[in-house]
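Asker:
Residue numbers (our numbering): 33 to 477.
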């Protein structure tokens, strides 16, 4: 019997090309698409998978918001940097330059030497002048310009230019008020100008108007405190600075101002508490600010606790080991504690400058780990004359035939005499020191 085997049909029969009329068309599109894809890849129109996405450029208002946040946090350096970036992105925005100038001006109070403060204030003045050029009819710009000019008019920093700058500050404030008579910030800054012009009656009137207009502004309460401080109403000044702190609780200059007023009232322990709060804020932010330590040192010095005072000045010196003014302050602490041997090298660094080895000895550094730091002396000025005549007095008092200290003492005292011959207080300190050296046979150069 023959079995008939039937051919089985496949479940899925493979079509021949002639069975599918669309196959040729599909293949043609696939080939064409592949060619376009390769061309697009070569032209970088299509990026490979998993490549990093491009970083979007931040907008100016983003940096401005960051600056405001940093200012409220108490980090003035970071606020300045953020406003600078914002102004770079939007260089036609007058208010960015104005706010930058305002914070630069405030930050000058955190610097210790006249040269540093003057440089920072001049930078602020350049920025606020730029803002005024960009928008000459902005009341806020002119208000801040009055503030910047007023701080630049400090006679110690501006010298003969101070009266002119103060007049310009007054004109800027009046221009701001002409544009908007309700501008509380302009009223406050005008008040500050009036205080510096010693027009205390008008200053009291204008600050009261500013307080009525907008008591929510830190600047208004700060200036109100400044008015009271200028009138020797230290308790009233403290209360206004406290109101300002409620608005900007991390703004350390306000704590320094309260401490200084408490020190005037001889409430030293309370003053130390406020200076310590400024230290705490800076530590939390990672800000290296020597001012609170120097304020603490001054307070301990007034209490007669010179060891604690010296410790705090050296803490400041660790932060800014190249700053001659801090060496001068350390020398003053040693001199007041009658540690003349230590006072002389510290004051020398401040007045004449000193080598890296000498500065290391003064700050008690580790030569193996601490960077060598040669110090350039400070020029004679109203804020440094105390270092000069104290250095001369220490040299005169410690003169021995073997050390020849009086040769340097007479030279330093002669420089002071030449600049301050009409100042009875200064000459009252210089002349006894000169007489000591004259008793050893030294004469004025």
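All residues carry an ideal CB built from backbone N, CA and C; glycine is no exception.
What does DSSP give as the partner residue(s) for residue 407 in the beta ladder?
Answerer: Taking the first residue of the chain shown as position 1, residue 407 is located at position 375. According to DSSP, which records beta bridges pairwise, residue 407 is partnered with 386.
Asker: What's the gap between the Cα of residue 332 and the Cα of residue 307?
Answerer: For this step, residue 332 is matched to residue 300 along the chain shown. For this step, residue 307 is matched to residue 275 along the chain shown. Cα to Cα, the separation comes out at about 12 Å.
Asker: Looking at residue 317: is its Cβ nearer than 8 Å to the Cβ of residue 348?
Answerer: For the purposes of this step, residue 317 is taken as the residue at position 285 of the chain shown. For the purposes of this step, residue 348 is taken as the residue at position 316 of the chain shown. No, Cβ-Cβ distance for residue 317 and residue 348 is not below 8 Å.
Asker: Looking only at C-alpha atoms, which of 321, 383, 176 and 320 sits nearest to residue 252?
Answerer: What you label residue 252 is simply residue 220 of the chain shown in a count that begins at 1. Of the listed residues, the one whose Cα sits closest to residue 252 is 176.
Asker: By Cβ distance, which residues of its chain are closer than 6 Å to residue 99, with the 5 residues on each side in sequence left out?
Answerer: Residue numbering aside, residue 99 sits at position 67 when the chain shown is read from its first letter. For residue 99, where only same-chain residues beyond five positions count, the Cβ hits under 6 Å are 111, 114 and 115.
Asker: Alpha carbon to alpha carbon, what distance is there between residue 286 and residue 513?
Answerer: In the structure as shown, the chain starts at 33 and stops at 477, and residue 513 therefore has no counterpart that could be examined.
Asker: Using three-state DSSP, classify residue 2 as helix, strand or coil.
Answerer: The chain is shown from 33 up to 477; residue 2 falls before or after that span and cannot be answered.
Asker: Evaluate the contact criterion for the segment 464–476 versus the segment 440–455: three or more CB pairs, one atom per stretch, below 8 Å.
Answerer: In short, these stretches touch, since the Cβ pair count reaches three.
Asker: If you draw a straight line from the C-alpha of residue 354 to the C-alpha of residue 360, how long is it?
Answerer: Here residue 354 refers to the residue found at position 322 when the chain shown is read from its first residue. Here residue 360 refers to the residue found at position 328 when the chain shown is read from its first residue. Cα to Cα, the separation comes out at about 12 Å.
Asker: Is the CB-CB distance between residue 11 and residue 319 below 8 Å?
Answerer: The requested residue 11 is not part of the displayed model; the chain covers only 33 to 477.
Asker: In chain order, what residues of the same chain lie with their CB nearer than 6 Å to the CB of residue 277, ignoring the 5 residues before and after it?
Answerer: As a first step, residue 277 must be located in the chain shown, where it is residue number 245. 286.
Asker: Quick check: the Cα distance between residue 304 and residue 409, rounded to an integer number of angstroms?
Answerer: Looking up residue 304 in the chain shown gives position 272. Looking up residue 409 in the chain shown gives position 377. Approximately 30 Å between the Cα atoms of the pair.
Asker: Below 8 Å on the Cβ atoms is my guess for residue 365 versus residue 345; work out the distance and round it to an integer in Å.
Answerer: Reading the chain shown from its first residue, position 333 is the one you call residue 365. Reading the chain shown from its first residue, position 313 is the one you call residue 345. Correct: roughly 6 Å between the Cβ atoms.
Asker: Considering only their Cβ atoms, is the gap separating residue 313 from residue 290 smaller than 8 Å?
Answerer: Numbered from 1 along the chain shown, position 258 holds the residue referred to as residue 290. Numbered from 1 along the chain shown, position 281 holds the residue referred to as residue 313. No. Outside cutoff.
Asker: Between the alpha carbons of residue 172 and residue 129, how many angstroms are there, rounded?
Answerer: Working through the chain shown from its first residue, we reach residue 172 at position 140. Working through the chain shown from its first residue, we reach residue 129 at position 97. If you take the alpha carbons of residue 172 and residue 129, they lie about 11 Å apart.
Asker: Could you check if residue 183 is buried or exposed, using at least 16 other CB atoms within 10 Å of its CB as the buried criterion?
Answerer: Against the chain shown, residue 183 aligns to sequence position 151. Label assigned to residue 183: buried.
Asker: For the alpha helix (DSSP H) containing residue 103, name the first residue and the last one.
Answerer: Reading the chain shown from its first residue, position 71 is the one you call residue 103. Per DSSP, residue 103 belongs to the alpha helix (DSSP H) from 92–105.
Asker: Would you say residue 459 and residue 452 are within 8 Å of each other, going by their C-beta atoms?
Answerer: Translated into positions along the chain shown, residue 459 becomes position 427. Translated into positions along the chain shown, residue 452 becomes position 420. Yes.
Asker: Are residue 197 and residue 205 touching if we call contact CB-CB under 8 Å?
Answerer: Taking the chain shown and counting its residues from 1, the one referred to as residue 197 is at position 165. Taking the chain shown and counting its residues from 1, the one referred to as residue 205 is at position 173. No, these two residues do not count as a Cβ contact at 8 Å.
Asker: How many angstroms separate the CA atom of residue 254 from the CA atom of residue 120?
Answerer: The count along the chain shown starts at 1 and reaches residue 254 at position 222. The count along the chain shown starts at 1 and reaches residue 120 at position 88. Taking the straight line joining both Cα atoms gives about 31 Å.
Asker: Note down the Cα distance separating residue 218 from residue 420, rounded to an integer number of angstroms.
Answerer: The residue labelled residue 218 in the question sits at position 186 within the chain shown. The residue labelled residue 420 in the question sits at position 388 within the chain shown. Using only the alpha carbons, I get a separation of about 40 Å.
Asker: By alpha-carbon positions, which one of 262, 208, 240 and 214 ends up nearest to residue 232?
Answerer: Counting from 1 along the chain shown, the entry for residue 232 is found at position 200. Residue 232 has its Cα closest to that of 262, out of 262, 208, 240 and 214.
Asker: Using only CA atoms, which one of 394, 424, 368 and 268 lies nearest to residue 404?
Answerer: For this step, residue 404 is matched to residue 372 along the chain shown. That would be 394, whose Cα lies nearest to the Cα of residue 404.
Asker: If you measure between the beta carbons of residue 386 and residue 407, is that distance less than 8 Å?
Answerer: Translated into positions along the chain shown, residue 386 becomes position 354. Translated into positions along the chain shown, residue 407 becomes position 375. Yes, the pair counts as a contact, with Cβ atoms nearer than the cut-off.
Asker: Between the alpha carbons of residue 315 and residue 432, how many angstroms are there, rounded?
Answerer: Counted from its first residue, the chain shown places residue 315 at position 283. Counted from its first residue, the chain shown places residue 432 at position 400. Using only the alpha carbons, I get a separation of about 46 Å.
Asker: Given residue 147, which residues of its chain have a CB within under 7 Å of its CB, disregarding the five upstream and five downstream residues?
Answerer: Taking the first residue of the chain shown as 1, we reach residue 147 at position 115. Excluding sequence neighbours, residue 147 sits near nothing in its chain.
Asker: In chain order, what residues of the same chain lie with their CB nearer than 8 Å to the CB of residue 342, ignoring the 5 residues before and after it?
Answerer: Start at 1 with the first residue of the chain shown, and residue 342 comes out as number 310. Excluding positions up to five away in sequence, the list reads 329, 362, 365, 366 and 369.
Asker: Taking just the CA atoms, how far does residue 337 sit from residue 127?
Answerer: For the purposes of this step, residue 127 is taken as residue 95 along the chain shown, with counting starting at 1. For the purposes of this step, residue 337 is taken as residue 305 along the chain shown, with counting starting at 1. Answer to the nearest angstrom: the Cα atoms are 47 Å apart.
Asker: Output yes or no for whether 8 Å exceeds the beta carbon distance between residue 201 and residue 178.
Answerer: In the chain shown, counting from the first residue as 1, residue 201 sits at position 169. In the chain shown, counting from the first residue as 1, residue 178 sits at position 146. Result yes, Cβ atoms of residue 201 and residue 178 sit closer than 8 Å.
Asker: What is the DSSP secondary structure of residue 249, reduced to helix, strand or coil?
Answerer: Translated into the one-based positions of the chain shown, residue 249 becomes position 217. Residue 249 falls in the coil class under three-state DSSP.
Asker: Would you list, in sequence order, the uninterrupted alpha helix (DSSP H) runs of no fewer than 4 residues that lie entirely inside the segment 209–254?
Answerer: As far as the segment 209–254 is concerned, its whole alpha helix (DSSP H) runs of at least 4 residues are 216–228 and 232–245.
Asker: Start and end of the alpha helix (DSSP H) containing residue 398?
Answerer: Taking the chain shown and counting its residues from 1, one reaches residue 398 at position 366. That residue, residue 398, is in no alpha helix (DSSP H); it is neither H nor E in DSSP.
Asker: How would you write the range of the alpha helix (DSSP H) that residue 283 sits in, first residue to last?
Answerer: For the purposes of this step, residue 283 is identified with residue 251 of the chain shown, where counting begins at 1. No alpha helix (DSSP H) holds residue 283; DSSP gives it neither H nor E.
Asker: Out of 141, 143 and 181, point me to the one whose CA is closest to residue 159's CA.
Answerer: Sequence index remark: in the chain shown, residue 159 carries index 127 (1-based). When only C-alpha atoms are compared, the closest one is 181.
Asker: Using the Cβ count rule (16 or more neighbours within 10 Å means buried), how would you classify residue 282?
Answerer: The residue labelled residue 282 in the question sits at position 250 within the chain shown. It is buried - the Cβ of residue 282 has at least 16 other Cβ atoms within 10 Å.
Asker: Our contact map puts residue 380 next to residue 423 with C-beta atoms below 8 Å; I'd like the distance itself, whole angstroms only.
Answerer: Within the chain shown, residue 380 is the residue found at index 348, counting from 1. Within the chain shown, residue 423 is the residue found at index 391, counting from 1. Confirmed, Cβ separation roughly 7 Å.
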